[in-house]
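Visitor:
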Amino acid sequence: NKLVRQAFAATLDRDAINKVVFLNTVKPAAGPFPPGTPAYSSAIKVQVADVANAKKKLAQAGKPSVPFTLLTSPGAVNAQLAQLYQAMASQAGFSVKIETVEFGTLLDRADKRNYDAVMLGWSGRPDPDGNIYEFFHTGGSNNQAGYAVPAIDSLLEKARAQSAMSARIATYNVALGRILDDSPYAFTYFSSNTVGAVKTLSGLKLVPDGILRFYTTNLN
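Sequential numbering from 149 applies to the sequence shown in the numbering used here.
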């Protein structure tokens, strides 16, 4: 039921997630493209938490109370996130049970769509196609939500055929308008790679893949 998915997405306070779990080190997410990457568009706004609207959506769906199990994998951050999602959703009428399983089991169940809701992350790809096509195209390798909309398939295929990034952004924006409304995923945050170093270290070059390479560094 799309209204139920929309209601859950509306309970999530992305700014609170950033502050409480990540101590202001991540970026609240509006969609699959992070700020600073080629296909990012400021026209796609981060959803603001609205519990009243979430309750309204559930009422429209005829489901003022919705129980479901949130599948997650072990780890302190995952546990914090799951508990925060649980608390936020409860304000609107959701009753969330948290189930923690080994990561391989989680992926297997996600691929088989054996879940109510599942917490998944993505490392990102340099080309924007790698952050959207396989997630929302019918039969995509990362389309664990089973999302299948012919109009979205056509838009994502069109974006693959366009060479100018400005044209691709425009196509992605049209697709995201529908995708975000359908809410097969609730995007919450973009992680950051935080590196600490002593003041005497120089020459360290940070690379987006997060791997530290020390061949250019000096320790004075």
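A virtual CB, placed ideally from N, CA and C, is assigned to each residue, including glycine. Everything numeric in this text was worked out from a predicted model, so none of it was measured.
#1: Ignore the nearest five residues each way along the sequence and tell me which others in Phe362's own chain have a CB closer than 8 Å to its CB.
#2: Is Phe338 helix, strand or coil when you go by DSSP?
#3: Tell me which same chain residues have a C-beta within less than 8 Å of the C-beta of Pro212, skipping the five on either side of it?
#4: Can you tell me whether DSSP reads Glu250 as helix, strand or coil?
#5: Which same chain residues end up closer than 8 Å to Arg153 when comparing Cβ atoms and leaving out the 5 residues on each side of it in sequence?
#6: Between the region 184 to 201 and the region 158 to 168, do three or more beta carbon pairs fall short of 8 Å?
#7: How is the alpha helix (DSSP H) around Leu232 delimited, first residue to last?
#8: Alpha carbon to alpha carbon, how far is Ile280 from Pro183?
#9: So, using beta-carbon positions, are Ser189 and Ile300 closer together than 7 Å?
#10: From the DSSP output, in three-state form, read off Leu218 for me.
#11: Less than 7 Å between the beta carbons of Phe181 and Pro276, yes or no?
#12: What residue range is occupied by the uninterrupted alpha helix (DSSP H) comprising Ser302?
#13: Going by CA-CA distance only, name the one from Val214, Ser340 and Lys347 that's closest to Val355.
#14: When the Cβ atoms of the region 164 to 175 are set against those of the region 303 to 319, are three or more pairs found closer than 8 Å?
#15: List the DSSP bridge partners of Arg361.
#16: Is it the case that the Cβ atoms of Val174 and Leu219 are separated by a distance below 7 Å?
#17: Three-state secondary structure (DSSP) at Leu206?
#18: With H, G and I counted as helix, E and B as strand and the rest as coil, what does DSSP make of Asn172?
#19: In chain order, what residues of the same chain have a beta carbon less than 8 Å from the beta carbon of Phe216, not counting five sequence neighbours either side?
#20: Which residue's Cα is closest to the Cα of Thr286: Gly278, Gln292 and Ala296?
#21: Which class does Ala265 belong to by DSSP, given the choice of helix, strand or coil?
Guide: Taking the geometry as given:
#1: Leu352
#2: strand
#3: Lys203, Leu206 and Gly241
#4: coil
#5: Asp330, Ser331, Pro332 and Ala334
#6: yes
#7: Ala224 to Ser238
#8: 15 Å
#9: no
#10: In this structure, Leu218 counts as strand in the three-state DSSP scheme.
#11: yes
#12: Pro298 to Ala309
#13: Ser340
#14: no
#15: DSSP lists Lys353 as the beta-bridge partner residues of Arg361.
#16: no
#17: helix
#18: Looking at Asn172 - three-state DSSP - the assignment turns out to be coil, as it is neither helix nor strand.
#19: Phe242, Ser243, Val244, Lys245, Asp264 and Ala265
#20: Ala296
#21: strand
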